[in-house]
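Structure first, commentary second.
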Amino acid sequence: MQPTTNLRLSAPRSPVPEVSRFYGISVRFYYRDHPPTHFHAFYAEHEALIEIDSGSIHRRYSPPIALNLVNSWRLMHLEELRQDWERARQQLPLLPIAPLE
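Position 95 of the sequence shown, counted from 1, bears residue number 95 in the numbering used here, the numbering being contiguous throughout.
Shown next as structure tokens:
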């Protein structure tokens, strides 16, 4: 599936800190990543790039059930995700975010 906007997808960079893990899903941020504000959700070999505020999916390569879990978690942690986005842009250590239970 093609990205839903003209978002430029960047090549993976290291390190990619994990801020949360639940039901086999790993939520990560790239340091100094490009706008819009987003995070990466990994599930097995799948990856989705998801906007923090809107929940828009710019790279969809995940099963729908995983995306639904991530969206439920995202809605519960919007402010924490915004804070970690800013910390990653400034290359500061990221703060862990509670998993979905």
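Beta carbons: idealized from backbone N, C-alpha and C, even for Gly. On a predicted model such as this, the values are computed, not experimentally measured, just so you know.
Alpha carbon to alpha carbon, how far is residue 101 from residue 87? Give it in angstroms, no decimals. Roughly 25 Å separates the two Cα atoms.
Output the distance between the C-alpha atoms of residue 81 and residue 33, rounded to the nearest integer angstrom. Here the C-alpha atom of residue 81 lies approximately 14 Å from the C-alpha atom of residue 33.
When you compare only the Cα positions, how much space is there between residue 96 and residue 40? Rounded to the nearest angstrom, the gap between the Cα atoms of residue 96 and residue 40 is 15 Å.
Expressed to the nearest angstrom, what Euclidean distance is found between the alpha-carbon atoms of residue 24 and residue 44? Each residue's CA atom was taken as its position, placing residue 24 and residue 44 some 7 Å apart.
Any idea if residue 57 is buried or exposed, counting beta-carbon neighbours within 10 angstroms, 16 or more meaning buried? It counts as buried.
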